[in-house]
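Engineer: One point on numbering: in the working numbering, the residue at position 93 of the sequence shown is 74, and numbering is uninterrupted.
C-beta: ideal position from N, C-alpha, C; glycine also.
Let me give you the structure first, and then I'll get to my questions.
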Amino acid sequence: MSVHSDENCIFCKIASGKIPSKKIAENDEVIAFHDIAPKAPVHFLVLPKTHVTDIMAMDAKLMGACLAMIQSIAGFRVINNCGANAGQTVMHAHFHVISGKMLGFE
Ligand code: 5GP
Ligand code: ZN
């Protein structure tokens, strides 16, 4: 699996270890680490190591690899913000995994 990295991307830098993170799990394709500004007692991010802008640019295999990582970790709510209009601020596709409190659906 070849990893394409964008030198200006914060999540690529985290995925390659250039910027530290509180890592939870990783394999060849996917990394999971704690969100720097958690919105709930448990809030981590799961993303492909290769740089893809959003989930529209991910193929089924990469999507499956991310979801398998999520499945292996916890009980949760999974959120993906796809594109700036949906609130995506870091343009490297990622899934938020949130739990640890009762969540409304506002
Ligand atoms: P988005 O709004 O793109 O769906 O979510 C981006 C998330 O990345 C936010 O929840 C934000 O707190 C998190 N984030 C941004 N920069 C960093 C960072 O440098 N390290 C970590 N661990 N999380 C980050
Ligand atoms: Zn990236």
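For residue 60, I'd like the list of residues in its chain whose CB is within less than 6 Å of its CB, leaving aside the five on either flank, ordered along the chain.
Structural biologist: Closer than 6 Å at the Cβ level, and outside the excluded window around residue 60, lie 77.
Engineer: Checking the sheet assignment: what are the DSSP bridge partners for residue 80?
Structural biologist: Answer is 23.
Engineer: With DSSP run on the structure shown, which of helix, strand or coil describes residue 51?
Structural biologist: Helix.
Engineer: For residue 38, which residues of its own chain have a beta-carbon under 8 Å away from its beta-carbon, when the five flanking residues on both sides are left out?
Structural biologist: Same-chain partners within the cutoff: 74.
Engineer: Evaluate residue 67 with the Cβ neighbour count: other Cβ atoms within 10 Å of its Cβ, from every protein chain shown; 16 or more gives buried, anything less gives exposed.
Structural biologist: Exposed: under 16 other Cβ atoms inside 10 Å.
Engineer: For residue 43, which of 9, 81 and 57 has the nearest alpha-carbon?
Structural biologist: Per the Cα distances, 9.
Engineer: Taking a contact to mean a Cβ-Cβ separation below 8 Å, would you say residue 33 touches residue 13 in this structure?
Structural biologist: Going by C-beta atoms, residue 33 is not nearer than 8 Å to residue 13.
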